[in-house]
Structures are given as C-alpha cells and as structure tokens.
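Novice: Residue numbers (the working numbering), protein chains in the order written: chain P, 34 to 283; chain Z, 34 to 283. The structure follows.
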C-alpha cells in the first residue's frame, strides 16, 4: 500500500468527525492515545492532525486542547482573504517579495473590474508569496487610486496588505472569487521555479465596499502542489459556491 | 475599450445587486428597459442577464419573471453535484459519452479514498461530458461495489448518475470537494480536444452517506474555458470554502 500512513489516518479521523464518533465540540483524543490505538508513531499522527487543523475540522491547539469542529469546512474571512493569516494558521512562516508597486493607467481588463475609465490611475502590486521560504503563489493586485496610494506608505515586504488596509479603515466588505486553471507565463515560471506552461490554480477576486464599489481586482496564481481549495456540502445545505460558465478574462 | 459590452453590462448589473439598487427579491427590469437605458441592443443585454442567471444572482425566467437573488452566490446540491442539472440551469444541452465502465480491483489511491482494502472490487466510470455538444469535462468516478453495481443497469450515456443513484435510494448525503489545477494527460487531451499538458481545472470529490461512509471518489477535469468555480463572501460571514495545503494525490 503506497498511500502514506498520515494520509490514511487523516481519512479515518475525517470519517469519525463526519459520522459523529468524534462529536462536534468535544476534545480530540490525545496524540498518545491515537498512537496507541493505531499502533502508529507520533510523526504520522501529528501530520494527520495538522491536516485536519488546516481544514479547520480541528480547532484550538497552541496551548488550548484541540477540539472537533463541524464536518462542514469554513474559514474566517481573514484566513480566507489574507495569505499571511492563512500561513500562520498552518503553522508556516508566510513570506513575500515585492517585485513591483506602480501607479499606472488602467488597462481595459482592469478598468472593467474596477468600474473606472480606461486610463484612470490604478496602483498595481506584483508580489511573490512564500510558505516557509518556498515559492507558493504569484499575486497581481490592482487597487483604485484612493486605496492604492495608501500602499506607498506601507512596506509590502512586511506582511498582509489586507490587514494593513483594514487598519487604515478601508471598507473591504465583500469579495467575489472566481477559480480556474491557467498555464504559467514567463513571470510565473521564473518566480515559482516551475516550467513555463505548467498548470497553476488561479483565483481572481474583486473586493467591494458595503455599497458595492470595487476597490481591488486581484489575480493570485498558486502552485497546485502548495495550495488547493476545499468545500464541503450536504444535501440539506446549499453549496456556497457555484460552478459557472467561463467568461474569457473576467 | 476591448472589453465586450455584455461583460461591462454584467459588471454593472452585479454592482446594482451588490449595492441594493436592484433589491433582493424584486423583479429585474425588462430587456427592453435595459436596452433603452444603456443604448444597447438586445444581444449583449440578454448575454449579461444569462451570466447573472448562471451565477444564480437572477432566478426565474422560462415564463416566470426574472427576480433578483441575494448577492451571495449559492447553488443547490443537485446543481452543484450534477453536471446534467447544472447544464440545464444554464439553458445548455448536457451530453455524455461513456468511454468505459468497469469493475476492477481498487488501486491504492482509490482504496484510501473509499476506505476499502487495496484490491477490493470497485466500479469505475470514465465519461466525457459535453455542453451543447462541446467537450467540457472528463469525469473519472469510482464507486464502492454495492453502489457501483447499480450502474450496470443504467444507461450512463442517458444522463445524471447522481440523480439515478438518488432515485435508487442510495444515501448520497455529503461531499468533500478539493479544487486544484492539473496538466492534461493523453486521455484528457484527446477527449477535450486540447494539447497535452494544457492546464485543466480539477475537482476531486468524495461523496459520503449520512454516517460518513464513502461511496464515490471522483475526479472531474474541466476545460477552464468551459467552467469555473465562483464564491462570494462578506466580512460578516465565514467563507464556506477553505484554502488548504496540498496533499499529493488526495
């Protein structure tokens, strides 16, 4: 059987959460108990629990005893929207290298997303994001000028722009995410240390104020061996995600 | 401005839904009114409305007057899980061509997902799915034997296996979906009429009974120019999807 033990343990733990053997809100058995029950060493047990923690099926830890969450995965907005918060949830070191921050005239495909005129000034940010020093994602964000100008006072190598802009009082209220796949271009290939044309998981995002004014249009390209998206649903619950027909370059 | 008119109209309509100009539950202005307001012809207006309908921001139609839905996208389980239902929601003709249905010994990566022993019999289905006759997705499903055997009595070229199995009383209760990107292999390339190595949007899915027993493990590979996934979230609402670290071949 060439499936690693930690993965088999992970599946077993997920099943116990799904079928209520490990009830919602109760404490997860200790690593020592799990090692005994499965005749496993601590490494794979810990790795399996870490995967469940990343999926937020298990919460707590870092001092607090780990507890079982509902079998339906969800993620806080901070963790979902902020790479920095997400990495920290995983117990990994987030990193970023700013390649470029520029104010320039909005290209047509940016203007349509930000609902400004073509040629209006926008602030564009190109960053490589890292997990424990490993290249994970290329981020291309475009902000309307009055929000983007705040970034010139921020060290974009220091952490979360999402958190920084919230702290500045910017009304980042809701977002629409579109997920598809795209071939790595020359920039992606060189930054992510992969071959040009390799498949990347792409998330395009428009972030709006409460009034529905777009503030940011971003395109994040992930190495699929570094990050996936996961959703759970049941027949009693509408999926909070929709499969939609493609719109070219939307 | 080389952004097509229907796309610009779509963005404007989405904004009106997001900011409440078009209030939840109210009737969408008629095509004629929208043509007048935007000085547009019927084609782009209709195309923009169709996009909103696909995202389920607009519901009704087919006789019933179209109404505005909440700006948070969601999709019924049937539409989310069944390609056939989804295509019909889009007003497109779903199609399928069965390449293979086989009972065989479970490979290790299938066994771990279905929590059976390696070598236990599973039923595997390989189908090409079409939208209006156009190749859209390659579906590889693997069922535990007692569910899979039902498929030998079903014409898998005739439509939804999800619907058929539900009608047989199979307890397809919940599912875990993992989304990433993958390069087209030789089978994908020939069926989807694309180059080998081209990026595909991949959805892997494990479907469980209410008790958490896995019944199906499926891998769907979409041409990204045919389907995307979309999710909306707000700061007051947890995202129902999580970004997770990759597990190789999970």
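Idealized CB from N, CA, C, for every residue including glycine.
(1) Name the chain P residues whose beta carbon is nearer than 7 Å to that of residue 81(Z)?
(2) For a minimum of 4 consecutive residues, which ranges assigned as the alpha helix (DSSP H) are wholly contained in the region 70-144 of chain P?
(3) Which same chain residues end up closer than 6 Å to residue 125(P) when comparing Cβ atoms and leaving out the 5 residues on each side of it in sequence?
(4) Could you list the residues in the region 190-202 of chain Z with a C-beta less than 8 Å from some C-beta on chain P, going in chain order?
(5) So which of 92(Z), 214(Z), 179(Z) and 70(Z) has the shortest CA-CA distance to residue 59(Z)?
(6) Using a 10 Å radius around the Cβ and a threshold of 16 neighbouring Cβ atoms, would you call residue 43(Z) buried or exposed?
(7) Find the residues of chain Z that neighbour residue 234(P), judging by a C-beta separation of less than 7 Å, and give them in chain order.
(8) Pick out whichever of 68(Z), 233(Z) and 238(Z) has its Cα sitting closest to the Cα of residue 264(P).
(9) So with CB distances below 8 Å, who are the chain P contacts of residue 160(Z)?
(10) Verify the CB distance criterion: does residue 39(P) have a CB-CB separation below 7 Å to chain Z?
(11) Counting only Cβ pairs nearer than 7 Å, list the residues of chain P close to residue 230(Z).
(12) According to DSSP, residue 170(P) sits in a beta bridge with which residue or residues?
(13) Rounded to the nearest angstrom, what separates residue 225(Z) and residue 133(Z) at their Cα positions?
(14) Beta strand (DSSP E) containing residue 180(P): first to last residue?
(15) Short of 8 Å in beta carbon distance, which residues of its chain neighbour residue 87(P), apart from the five on each side in sequence? Order them along the chain.
(16) Which bits of chain Z does residue 75(P) rub up against, with CB to CB less than 9 Å?
(17) I'd like to know whether the C-beta of residue 170(P) is nearer than 7 Å to at least one C-beta of chain Z.
(18) Please report the straight-line C-alpha distance between residue 70(P) and residue 229(P), rounded to a whole angstrom.
(19) Compile a chain-ordered list of the residues in the region 130-155 of chain Z whose CB is closer than 8 Å to at least one CB of chain P.
(20) Output the distance between the C-alpha atoms of residue 145(P) and residue 179(P), rounded to the nearest integer angstrom.
(21) Note down, in chain order, every chain P residue with its Cβ under 7 Å from the Cβ of residue 267(Z).
(22) Please confirm if residue 126(Z) has its CB atom under 7 Å from at least one CB of chain P.
(23) Just to make sure I have the definition right: I need the residues of chain P whose C-beta is within less than 7 Å of the C-beta of residue 119(Z). Which are they?
(24) Which of the three DSSP states is assigned to residue 263(Z) in this structure?
(25) Could you pull out every residue in the same chain whose Cβ sits closer than 6 Å to the Cβ of residue 254(P), ignoring the five residues on either side in sequence?
(26) Quick check: is the beta carbon of residue 71(P) nearer than 7 Å to any beta carbon in chain Z?
(27) By the DSSP assignment, the alpha helix (DSSP H) with residue 33(P) in it spans what residues?
(28) List, in chain order, every chain Z residue whose beta-carbon is nearer than 9 Å to that of residue 62(P).
(29) Three Cβ pairs or more, each shorter than 8 Å: is that satisfied between the region 242-261 of chain Z and the region 48-58 of chain P?
(30) Establish whether the CB of residue 42(P) and some CB of chain Z are separated by less than 7 Å.
(31) Would you tell me roughly how many angstroms separate the C-alpha atoms of residue 249(P) and residue 141(P), rounded to the nearest one?
(32) Identify, in the order they occur along the chain, each residue of the same chain with its Cβ nearer than 7 Å to the Cβ of residue 75(P), setting aside the five sequence neighbours on each side.
(33) On a CA-only basis, which of 154(Z), 188(Z), 187(Z) and 129(Z) is nearest residue 175(Z)? Give me that one, please.
(34) Which of helix, strand or coil does DSSP assign to residue 234(P)?
(35) Can you tell me where the alpha helix (DSSP H) with residue 194(P) in it begins and where it stops?
(36) With distances taken Cα to Cα, identify the nearest neighbour of residue 219(Z) among 202(Z), 231(Z) and 209(Z).
Specialist: Walking through what the data contain:
(1) Neighbours of residue 81(Z) on chain P: none; closest Cβ ~10 Å, over 7 Å.
(2) 75-87, 110-114 and 116-122
(3) 164 and 165
(4) none
(5) 92(Z)
(6) buried
(7) 213 and 214
(8) 238(Z)
(9) Residues of chain P passing the Cβ test: none, with the nearest at roughly 17 Å.
(10) no
(11) 230
(12) 162(P) and 255(P)
(13) 16 Å
(14) It is not in any beta strand (DSSP E) - residue 180(P) instead sits in the alpha helix (DSSP H) that spans 178-181.
(15) 122 and 123
(16) Per Cβ cutoff of 9 Å: no residues; residue 75(P) is ~19 Å from chain Z at best.
(17) no
(18) 46 Å
(19) 141, 142, 144, 145, 146, 148 and 151
(20) 17 Å
(21) 206 and 207
(22) no
(23) 276
(24) strand
(25) 171, 221, 233 and 235
(26) no
(27) This structure leaves residue 33(P) out entirely; chain P is present only between 34 and 283.
(28) Result: empty, since nearest Cβ-Cβ is about 17 Å, beyond 9 Å.
(29) yes
(30) no
(31) 15 Å
(32) 64 and 68
(33) 154(Z)
(34) strand
(35) 194-200
(36) 231(Z)
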